[in-house]
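Asker: Going down the list, the protein sequences come from chains P and R.
In this text, residue positions in the first sequence follow UniProt numbering: the first is 1, and each later residue adds one.
In this text, residue positions in the second sequence follow UniProt numbering: the first is 1, and each later residue adds one.
Idealized CB from N, CA, C, for every residue including glycine.
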Amino acid sequence: MFFFNYVTRRFALALPTLFGVSVICFTLTYLLPGNPAMVKAGPFATPEHLAEMEHQMGLDRPFPEQYYRYVSGIFKGDLGESASTGRPVSQDFLQRLPATLELNLASLLIAIVIGLPLGVLSAVHRDTLVDHIGRVVGIMGVAMPSFLTGLLFVYLFFYILDLAPSPLGRLGSGIEPPAHLTGLYVIDSLMTGNWTTLRSSLHQLMLPAATLGLSAIAPVARMVRSTMLEILESDYIKAAWAAGLPRRTVIYRDALRNALIPVITISGIVFGFLMAGNAVVESVFSWPGIGNYAVTALLTKDSAPIQSFILFVALTCVMVNLAVDIAYGLIDPRIRFS
Amino acid sequence: MTEMLEISDLTVHFQINQGAIEAVDHINLTIRRGEILGLVGESGSGKSVTSFAVLRLIRPPGRVVSGSVHFDGIDLGSLPEEQMRRMRGAKIAMVSQTPRTALNPLLTVGRQISRLLMVHAGLSTREAEKRMLEMLRLVRIPAPEKRANQYPHQLSGGMCQRVMIAMALATSPQLLLADEPTTGLDVSIAAKILDLLRELSTKTGAAIMLITHDLGVVAEICDRVAVMHAGQLVECAPVRDLFHNPAHPYTKALVRSIPRVDRDVVLEPISGSVPSLINPPSGCRYAGRCEWTMDRCRVSRPPMVEAAPGHVVACYGFEERRGTC
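1. Which residues, in chain order, does the region 106-125 of chain R contribute to contact with chain P at a C-beta distance below 7 angstroms?
2. Pick out whichever of R:A168, R:T171, R:M159 and R:P173 has its Cα sitting closest to the Cα of M186 of chain R.
3. Among all the DSSP beta bridges, which residues are the ones paired with E230 of chain P?
4. Please check the pair G46 of chain R and V65 of chain R, which I expect to be a contact at CB under 8 angstroms, by giving their CB distance rounded to whole angstroms.
5. For C25 of chain P, I'd like the list of residues in its chain whose CB is within less than 8 angstroms of its CB, leaving aside the five on either flank, ordered along the chain.
6. Going along chain R, which residues have a C-beta under 8 angstroms from Y236 of chain P?
7. So A20 of chain R is in the beta strand (DSSP E); what residue range does that whole segment cover?
8. Based on the DSSP output, what are the partners of R88 of chain R in its beta bridges?
9. Have a look at P:D302, P:Q91 and P:V280 and flag the residue whose alpha-carbon is nearest the alpha-carbon of N292 of chain P.
10. Using beta carbons (cut-off 8 angstroms, strictly below), is D254 of chain P in contact with chain R?
11. Is the shortest distance between the beta-carbon of A204 of chain R and the beta-carbons of chain P less than 8 angstroms?
12. Is M87 of chain R buried or exposed, if buried means 16 or more other CB atoms sit within 10 Å of its CB?
13. Using a C-beta cutoff of 8 angstroms, does R86 of chain R count as contacting chain P?
14. Candidates P:S82, P:I269 and P:E102: which alpha carbon is nearest G183 of chain P's?
15. Between T85 of chain P and D92 of chain P, which are expected to be in contact by the criterion C-beta below 8 angstroms, what is the C-beta distance as a whole number of angstroms?
16. At which residues does the beta strand (DSSP E) containing C290 of chain R begin and terminate?
17. Tell me the rounded alpha-carbon separation between S282 of chain R and T293 of chain R.
18. Identify whether C325 of chain R lies in helix, strand or coil by the three-state DSSP scheme.
19. Could you check whether the Cβ of C325 of chain R sits closer than 8 angstroms to any Cβ belonging to chain P?
20. Against T182 of chain R, what residues of chain P qualify as contacts under a CB-to-CB distance less than 8 angstroms, listed in chain order?
21. Within its chain, find whatever has a CB closer than 6 angstroms to the CB of P246 of chain R; leave out the 5 residues flanking it on each side and keep chain order.
22. Who are the neighbours of L57 of chain R on chain P, taking C-beta pairs under 8 angstroms?
23. Using a 10 Å radius around the Cβ and a threshold of 16 neighbouring Cβ atoms, would you call L163 of chain P buried or exposed?
24. Does the pairing of the region 7-18 of chain R with the region 48-62 of chain P give three or more beta-carbon distances under 8 angstroms?
25. Between I36 of chain R and I208 of chain R, which are expected to be in contact by the criterion C-beta below 8 angstroms, what is the C-beta distance as a whole number of angstroms?
26. Return the chain-ordered list of same chain residues with a C-beta closer than 6 angstroms to the C-beta of M1 of chain R, the five sequence neighbours on each side being excluded.
27. With a cut-off of 8 angstroms on the beta carbons, I'd call H153 of chain R and R248 of chain P a contact; round off their distance for me.
28. Candidates R:G157, R:P309 and R:R301: which alpha carbon is nearest R240 of chain R's?
29. Specify the secondary structure class of L184 of chain P as computed by DSSP and reduced to three states.
30. Would V234 of chain R and V225 of chain R qualify as a contact pair, given that the criterion is a beta-carbon distance under 8 angstroms?
31. When we look at the beta-carbon of N279 of chain R and count the other beta-carbons within 10 Å, is it buried (16 or more) or exposed?
32. If you drop the 5 nearest sequence neighbours on each side, which residues of the same chain put their C-beta closer than 7 angstroms to that of T265 of chain P?
33. Buried or exposed for S172 of chain R, please, with buried defined as at least 16 other CB atoms from any protein chain shown within 10 angstroms of its CB.
34. Could you give the distance in angstroms between the alpha-carbon of P302 of chain R and the alpha-carbon of G288 of chain R?
35. To the nearest angstrom, report how far apart residue 340 of chain P and H70 of chain R are at their CA atoms.
36. Cβ of G110 of chain R within 8 angstroms of Cβ of A168 of chain R?
This is the structure we're talking about:
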């Protein structure tokens, strides 16, 4: 019951944030130079035709009314139309979203699977070789821009070593996509037992996920390390040693579980950051996700997709923060019961 | 032999940039079976460090420079780490001075007690829970079934302290290191905790090393008292003897600083403060604050001499005066 209230309260707090994001997003596009009606009407439109088009698109209405139409459009799933594909943005988005989600989740998984143990080891063996190596790996991951790591990976693993497939999309040539369940190829092919597709999709996913994940290892590892260091000095860990609990219990149950709260926070932040940062990686690997879509839209000055991309990234961040808050409650009884 | 714990010549240093902090300096101390020994001294006098050294839990930058600790005839310094771990919590238990923060915030208090029973006594989950509830009852926690399922933050400070004691005693240790077990508790609860400790020691025959800076607590429950000053042991005596005939000027000053309601005595604070323990000078570390200081006090460390049977003191001034009176 406590927990239900907690979740409801968190959810209510997310609503004003979303409202703010929609206002900013809309105002930005409203203030941007360029007339969408002119783009739509084409270069040879007469002034009468243009005025007619503006009226049709509602551009001659006052700002609040336009905002109202925009928001109610979003609620109806209407995000406008892409000038370059000629299709509704919502449709394009839904089609590309699973690709992006798959890539981001895989990257986050890599970042956590490597970053978490790295952070724990660095804290437990503080100021030893392990700690220094962890630090160097982390800094390198952050310092290297994704497009560069991506290209280096392609050059090394595809061109030289021939271990990875060509960086073109989510499946090798001639491989059929799996039956559509979640849209994530790895999960769908796993659920339908389609092993050929599973192997191909994992193979294709490998390099882009490693590229994107590499940049996120450091924040995770650093956060785990500093939190673990703090917790290993805490009274209850000293008491746990004094109580003769085995080393692995003290470090991996008592200390690590207490360290998980900041780790979840950083994972949430990292996920938001991956959502925005994937645009570059998707372009390098011709990954058919929304990042790639937004980059294309940006290059062709196609406003509706860009606007939707910003809104979507913001929405993701808000949702992830909400999920993080809920996860806190699940882990920490102090939050759950207060 | 009746010695439960024998600390010989223990020295602990903490290495920092400016040099070594000599936190514990050549201490000799014994505790007998079933005895309650009070270890008193100001903050920073090395009381807690001594108890961590007994458990072999001094970690870098700390280092045990010399000395040995024998527990029940076993040299703890020579035990492999795994065997030492089995000693901690099972044979030698510790009650921390910070009950609230010494309990893991993410585990129910019942679980924190029962898992110790599973680790040290090899009990099954079910047996451990049964015994855990018995322990909670023993330390007089009301509604133990309900409390066992609560988290530390839902309990009061006194309640947490009782849980800590229940935890420490669950595995029937032979030695309990109680580090300021009544700090931060209000007087009536503190008194209850002390009664509980005394009662449990009588019942289970466990020896207790009670670390405190409160002489009132010492007078109430201890059999013997050891007085520490700036990492050195200055006096050790049966409790009555120490209060009636303190031999060391520092102990005298400590006794004089106890507030009394039955007599009209002006409280005398001890002049000066604990000297810096970073590369301290040789000799008695109380010399800078002492009214009896002689030249040799600053040069060499006074040896422990017997003032009365079972009453030892380390003070040149005392030796000098003993001859005259």
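Answerer: Once the coordinates are examined:
1. L106, L116, V119 and H120
2. As a position in the second sequence, residue 186 of chain R is number 186, starting the count at 1. Looking at the sequence provided, one finds Asp at residue 186 of chain R rather than Met. Among R:A168, R:T171, R:M159 and R:P173, the Cα nearest to that of D186 of chain R belongs to R:M159.
3. Position 230 of the first sequence holds residue 230 of chain P. Looking at the DSSP assignment, E230 of chain P forms no beta bridge with any residue, so it has no partner.
4. The residue you call residue 46 of chain R lines up with position 46 of the second sequence. The residue you call residue 65 of chain R lines up with position 65 of the second sequence. Actually they do not touch by this definition, with Cβ atoms about 13 angstroms apart.
5. Taking the first sequence and counting its residues from 1, one reaches residue 25 of chain P at position 25. Only Q307, I310, L311 and A314 meet the Cβ criterion.
6. Mapped onto the first sequence, residue 236 of chain P falls at position 236. Against chain R, a Cβ distance below 8 angstroms from Y236 of chain P picks out T101, A102, L103, N104 and P105.
7. Counted from its first residue, the second sequence places residue 20 of chain R at position 20. Its beta strand (DSSP E) spans residues G19 to R32.
8. In the second sequence, counting from the first residue as 1, residue 88 of chain R sits at position 88. Bridge partners of R88 of chain R: R:I92.
9. For the purposes of this step, residue 292 of chain P is identified with residue 292 of the first sequence, where counting begins at 1. If we check each option's Cα against that of N292 of chain P, P:V280 comes out closest.
10. Along the first sequence, read from residue 1 onward, the residue named residue 254 of chain P stands at position 254. Yes, contact with chain R.
11. For this step, residue 204 of chain R is matched to residue 204 along the second sequence. Reading off the sequence, residue 204 of chain R comes out as Thr, not Ala. Not an interface residue.
12. Locating residue 87 of chain R in the second sequence gives position 87, counting from the first residue. With 16 or more other Cβ atoms within 10 Å, it is buried.
13. On the second sequence, residue 86 of chain R is found 86 positions in, with the first residue counted as 1. Closer than 8 angstroms: yes.
14. Start at 1 with the first residue of the first sequence, and residue 183 of chain P comes out as number 183. Ranking the options by Cα distance to G183 of chain P, first place goes to P:E102.
15. Here the question's residue 85 of chain P lines up with position 85 in the first sequence. Here the question's residue 92 of chain P lines up with position 92 in the first sequence. With 8 angstroms as the limit, T85 of chain P and D92 of chain P qualify as a contact, their Cβ atoms being about 6 angstroms apart.
16. Locating residue 290 of chain R in the second sequence gives position 290, counting from the first residue. From DSSP, C290 of chain R is part of no beta strand (DSSP E); its letter is neither H nor E.
17. Numbered from 1 along the second sequence, position 282 holds the residue referred to as residue 282 of chain R. Numbered from 1 along the second sequence, position 293 holds the residue referred to as residue 293 of chain R. Cα to Cα, the separation comes out at about 14 angstroms.
18. Looking up residue 325 of chain R in the second sequence gives position 325. Model confidence at C325 of chain R stands at a pLDDT of 49, short of 50, so the residue's coordinates are unreliable and nothing is read from them.
19. Residue 325 of chain R sits at position 325 when you count from the first residue of the second sequence. With a pLDDT of only 49 at C325 of chain R, under the threshold of 50, the placement of this residue in the model should not be trusted; the figure read from the coordinates follows. Chain P contact via Cβ: absent.
20. What you label residue 182 of chain R is simply residue 182 of the second sequence in a count that begins at 1. Those do not exist, as T182 of chain R stays about 17 angstroms from chain P at its closest Cβ, beyond 8 angstroms.
21. Here residue 246 of chain R refers to the residue found at position 246 of the second sequence. Counting only Cβ-Cβ distances below 6 angstroms, and skipping sequence neighbours, we find K252 and V255.
22. As a first step, residue 57 of chain R must be located in the second sequence, where it is residue number 57. Within 8 angstroms Cβ-Cβ: K238, W241 and A242.
23. The count along the first sequence starts at 1 and reaches residue 163 of chain P at position 163. Result: exposed.
24. Between the region 7-18 of chain R and the region 48-62 of chain P, the count of C-beta pairs closer than 8 angstroms stays below three; the two stretches do not touch.
25. Your numbering for residue 36 of chain R matches position 36 in the second sequence. Your numbering for residue 208 of chain R matches position 208 in the second sequence. Indeed they touch by this definition, with Cβ atoms about 5 angstroms apart.
26. Sequence index remark: in the second sequence, residue 1 of chain R carries index 1 (1-based). In this predicted model, M1 of chain R has a pLDDT of only 48, less than 50, meaning its place in the structure is not dependable enough to derive any value.
27. The sequence position of residue 153 of chain R within the second sequence is 153, counting from 1. The sequence position of residue 248 of chain P within the first sequence is 248, counting from 1. 26 angstroms between Cβ atoms; not a contact.
28. Mapped onto the second sequence, residue 240 of chain R falls at position 240. With distances taken between Cα atoms, R240 of chain R lies closest to R:P309.
29. Sequence index remark: in the first sequence, residue 184 of chain P carries index 184 (1-based). It is coil, neither helix nor strand.
30. Stepping through the second sequence from its first residue, residue 234 of chain R is reached at position 234. Stepping through the second sequence from its first residue, residue 225 of chain R is reached at position 225. Not closer than 8 angstroms, so no.
31. For the purposes of this step, residue 279 of chain R is taken as residue 279 along the second sequence, with counting starting at 1. N279 of chain R is exposed by the Cβ-count criterion.
32. Here the question's residue 265 of chain P lines up with position 265 in the first sequence. For T265 of chain P, same chain residues with a beta-carbon under 7 angstroms away, outside a window of 5 residues either side, are V324 in chain order.
33. Along the second sequence, one-based indexing puts residue 172 of chain R at 172. That one is exposed.
34. Residue numbering aside, residue 302 of chain R sits at position 302 when the second sequence is read from its first letter. Residue numbering aside, residue 288 of chain R sits at position 288 when the second sequence is read from its first letter. A straight-line Cα-Cα distance of about 14 angstroms links P302 of chain R and G288 of chain R.
35. No answer is possible for residue 340 of chain P: it lies beyond the span of chain P, which begins at 1 and ends at 338.
36. Position 110 of the second sequence holds residue 110 of chain R. Position 168 of the second sequence holds residue 168 of chain R. No. Outside cutoff.
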